[in-house]
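What follows is a single structure, written as structure tokens, with notes after it.
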């Protein structure tokens, strides 16, 4: 098993922390992981992306030419990464941030209305966990149990009461992700 | 803080900080700069002055940092500083003085793109500065190039060991990729800081106080008598030859049957390794040689491989710096080409495969 993933969107959407929780979840299962942020003078509203690799074997390059899965949360990121998905790979996009959906026919395209679902849950901060749920539905590279363990490890204790809400958000994401196009 | 042997996930910069505390460092002096600021941040979070007694100080500038390191090193302490390219340029005078005064210390450079203030993105363009001296005068640093977060952690103690063994400044030459990336790491076990008595014992040259017994130890890089200064230089050169003899470190992957060789260090070696795997999948017999010490450089091993391969590709995030040392080692026996991206753009594995195909022709 080796999943090479790019998560890209606006700063403030929880792109980097979603990647971090995925990487920690991999660690909980003794998998090899790398988390490589495109760090920069980014700020809320600017673009942000992170490359996460989860693998059973030692990972060579943390920098990739192509990805198995691209999670795309805004239009500039779609333009940047659509052509970098491997043929037969996956794009997951949130309808809220994307006006023009992906055009490629040789990849699987999934839509997740995570922004709407987060609003329904009454918690905008659940957004990135909903998206993560969508990813894990399609590619169950780590278990929900491991994600919960990872949250327990990464969140300060004063935020541990939010873990059930995060778990609910992941399950919500698993429910609402839908296929738009099959390769 | 993680317990011993526990596998944790952290950034390369954070690993440097944790490793410094754990290997019994006495002092850190630094000034924040992207992409290495997490070193100082992590030390401030960990508050080692409350546990091991390690001093952590944000100096007023990089010039002050390196001179505080000079002072601490003179007293036989395990001291370090870290910065990124423009900050390390500011330190060069101090590094030259420390090398001239033959003192051990560690300087960490998490490189970013230059020249000048440049960019904050990853680069390997300080290779020349690091391995050829950097400051004025005939001197060398022992330069280690980590390719993983684990090596960021491991090379801190190794740097101090080598620095004290040879009374010479050591440098960890990293970049924004390794500094900012999170990976699994097992932190080194805790080692107590040396006591004053232990320092007196191990560092008879240090300014630890005469206690009314011995002649004063004088630490200086100044010697106005050129005949004496030449003697000092000759002694330095003898030391450098000894380091070249004993301390070359490198890693080879898939070199046994290789017809082509990629040489790359640090983050670039990781990218090149994937490129090598991809090229091998396409039937190209290519191996990877990763210099771990950039000085001393694995010239002999590269010369040895040059007898076997048809061509060598140096992959660097710069305009072609290490490639000069490879060419010196190879002495024209096989073609040596360079591939690199500049100014903070990191090459991806496909680009490296294409450059390799360019070499093959």
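Protein chains in written order, with this note's numbering: chain B, 1160 to 1342; chain E, 19 to 379.
For each residue, glycine too, the CB sits at the ideal point set by N, CA and C.
In angstroms with no decimal places, state the Cα-to-Cα distance between residue 41 (chain E) and residue 192 (chain E). 19 Å
Going by C-alpha to C-alpha distance, which of B:1185, B:1297, B:1234, B:1270 sits closest to residue 1304 (chain B)? B:1185
Bounding residues of the alpha helix (DSSP H) (the contiguous stretch that carries residue 1240 (chain B)): 1234–1240
Would DSSP call residue 123 (chain E) helix, strand or coil? strand
For residue 1214 (chain B), which residues in the same chain have their Cβ closer than 6 Å to its Cβ, ignoring the five residues on either side in sequence? 1161, 1191
Rounded C-beta distance between residue 190 (chain E) and residue 106 (chain E)? I'm assuming under 8 Å. Not really, about 11 Å apart at Cβ, beyond 8 Å.
Which residues in chain E sit within 9 Å of residue 1184 (chain B), going by Cβ to Cβ distance? The premise fails here: residue 1184 (chain B) is roughly 10 Å from chain E at the closest Cβ pair, so nothing lies under 9 Å.
Roughly how many whole angstroms lie between the Cα atoms of residue 122 (chain E) and residue 372 (chain E)? 43 Å
Taking residue 1207 (chain B) and residue 1256 (chain B) to be in contact with their CB atoms under 8 Å, please state how far apart those CB atoms are, rounded to whole angstroms. Incorrect: roughly 12 Å between the Cβ atoms, too far for contact.
Spell out whether any CB of chain D is found under 7 Å from the CB atom of residue 1226 (chain B). Among the protein chains of the structure shown, namely B and E, there is no chain D.
Contacting residues, own chain, Cβ-Cβ under 7 Å from residue 154 (chain E) (five flanking each side not counted): 114
Rounded to a whole number of angstroms, what is the C-alpha to C-alpha distance between residue 78 (chain E) and residue 49 (chain E)? 7 Å
Check each candidate in E:147, E:65, E:163 and name the one with the smallest Cα separation from residue 156 (chain E). E:147
For residue 302 (chain E), which three-state DSSP category applies? coil
Three-state secondary structure assigned by DSSP to residue 1229 (chain B): strand
Considering only the beta carbon of each residue, do residue 4 (chain E) and residue 164 (chain E) sit closer than 7 Å? With chain E covering only 19 through 379, there is no way to say anything about residue 4 (chain E).
Taking the C-alpha atoms as reference points, what is the distance between residue 1258 (chain B) and residue 52 (chain E)? 35 Å
Where do the ends of the alpha helix (DSSP H) carrying residue 1207 (chain B) lie? Residue 1207 (chain B) -> not in any alpha helix (DSSP H); beta strand (DSSP E) instead, spanning 1206–1214.
Selected residue, minimal CA-CA separation from residue 93 (chain E), among E:236, E:128, E:203: E:236
Using three-state DSSP, classify residue 374 (chain E) as helix, strand or coil. helix
Please determine, among E:184, E:264, E:87, E:252, the residue with the shortest C-alpha to C-alpha distance to residue 318 (chain E). E:264
Beta-carbon contacts of residue 80 (chain E) that lie in its chain and below 6 Å, excluding the five residues immediately before and after: 49, 101, 105, 108, 109
Quick check on residue 213 (chain E): buried or exposed, where buried means 16 or more other Cβ atoms within 10 Å of its Cβ? exposed
Measure from the alpha carbon of residue 185 (chain E) to the alpha carbon of each residue in E:151, E:215, E:220, then state which is nearest. E:220
Starting from residue 280 (chain E), find everything on chain B with Cβ-Cβ shorter than 9 Å and list it in chain order. In chain order: nothing, as chain B lies at least about 12 Å away.
Who are the near neighbours of residue 1234 (chain B) in its chain, counting only those whose CB is closer than 8 Å to its CB and skipping five residues on each side? 1256, 1257, 1258, 1259
Distance, residue 169 (chain E) Cα to residue 182 (chain E) Cα: 19 Å
Nearest-angstrom Cα separation, counted from residue 1307 (chain B) out to residue 1189 (chain B): 15 Å
Residue 160 (chain E) versus E:166, E:171, E:176, E:167, residue with shortest Cα-Cα distance: E:176
If you compare alpha carbons, which of E:277, E:377, E:367 is closest to residue 1219 (chain B)? E:367
Distance check for residue 1314 (chain B) and residue 267 (chain E), CA to CA, integer angstroms please. 40 Å
Report all residues from its chain with a CB closer than 6 Å to the CB of residue 1338 (chain B); omit the five preceding and five following residues, and keep chain order. 1269
CB contact flag (residue 198 (chain E), residue 29 (chain E), <7 Å): yes
Sequence ranges, alpha helix (DSSP H) only - wholly within the segment 229–264 of chain E, length at least 4: 244–264
For residue 355 (chain E), the three-state DSSP class (helix, strand or coil): strand
Simplified DSSP state of residue 1327 (chain B), which is helix, strand or coil: helix
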